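Numbering (full-length UniProt numbering), first residue to last: 1 to 309.
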């Protein structure tokens, strides 16, 4: 099959799947980097991996190929603009090839620059580069052939209240992930305040905010880390009214009670105590999926959700 015919075939398949997936749930995934929300999203993908068609994967392959070329060119062009040279001779030899790499729309055509990209990864300039995650990452998951989940992963919790807030007027579900073991972790910008207190503040702003009629699932994660930490760092050092000692169940229930206390709107919140690496988080994600199946999703294109009382 020629490149143009293959591209048209993929477009037709995606259009057909888009028509089939004519209903959607919009899911807001909130939580800090240590909250385990990445594991939650991974489990959601695993539950629905059989719904991912070969055609759709081929379409993603085109995007991945283009991203590989764009990302490989970026540091090479940046070095040239700054009049800097790569640290290694091997990388210097590969730079001209990477700069002139071309993208091919045919997913079956080899890129031919794998060796050059691999050499670039080993250069110290690239290895030491670090970018703070920001913004919103969207993942689309299709379930039961006609219901689509659009999962918005908020990397910066402040974004919900500021830059990105207007995007989430019609959110159907909120999954709020919490690291149970973060009670002693100071905030980088406010060393006198713990991360747990900041998370409670964010939850307060969400549960009592504009998200009326939205279902909220509270994942209290890292139960095992909480159990391990209690013997070394008492929870009462940070929450003086806690009196349960090293009992992990009492500690977890106390932390849950603090989240209940800020729920002034008396919203219906479903909590789960989970560990990121065992079957409990898989069970919790499956329970969320089953709950979503019981709610009629909104048709695509409607501005406001209905039937969410």
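All C-beta atoms in this analysis are idealised placements derived from N, C-alpha and C, irrespective of residue type, glycine included. In this text the structure is predicted, and so the values were computed from the model without any measurement.
In chain order, what residues of the same chain lie with their CB nearer than 8 Å to the CB of residue 138, ignoring the 5 residues before and after it?
150, 151, 152 and 153, listed in sequence order.
Just curious, the beta strand (DSSP E) that residue 154 is in, first and last residue?
Here the beta strand (DSSP E) through residue 154 covers 147–154.
What do you reckon, are the CB atoms on residue 216 and residue 174 nearer than 7 Å?
Against a cut-off of 7 Å, the Cβ pair of residue 174 and residue 216 comes out as a contact.
Decide if residue 266 is buried, meaning its Cβ has at least 16 other Cβ atoms within 10 Å, or exposed.
Classification for residue 266: exposed.
Within this structure, are the beta carbons of residue 202 and residue 238 separated by less than 7 Å?
No, the pair does not count as a contact, with Cβ atoms beyond the cut-off.
With residue 393 and residue 39 assumed to form a contact (beta carbons below 8 Å), what rounded beta-carbon distance in angstroms separates them?
Only positions 1 to 309 of the chain appear in the structure, and residue 393 is not among them; the question remains open.
Give me the residue from 84, 41 and 179 with the minimum Cα distance to residue 34.
The shortest C-alpha separation from residue 34 is found at 179.
What does residue 175 pair with, by DSSP beta-bridge criteria?
Bridge partners of residue 175: 29 and 217.
Cα separation between residue 228 and residue 290?
Cα to Cα, residue 228 sits roughly 32 Å from residue 290.
Residue 219 and residue 172 - do their beta-carbons sit closer together than 7 Å?
No. Outside cutoff.
Under a Cβ-count criterion, where at least 16 other Cβ atoms within 10 Å of its own Cβ denotes burial, should residue 26 be classed as buried or exposed?
It counts as buried.
On the CB-based measure, 16 or more other CB atoms within 10 Å of its CB, does residue 268 come out buried or exposed?
Exposed, by the Cβ-count rule.
Run through the DSSP bridge pairs and tell me what residue 136 is partnered with.
Answer by DSSP bridge pairing, in chain order: 154.
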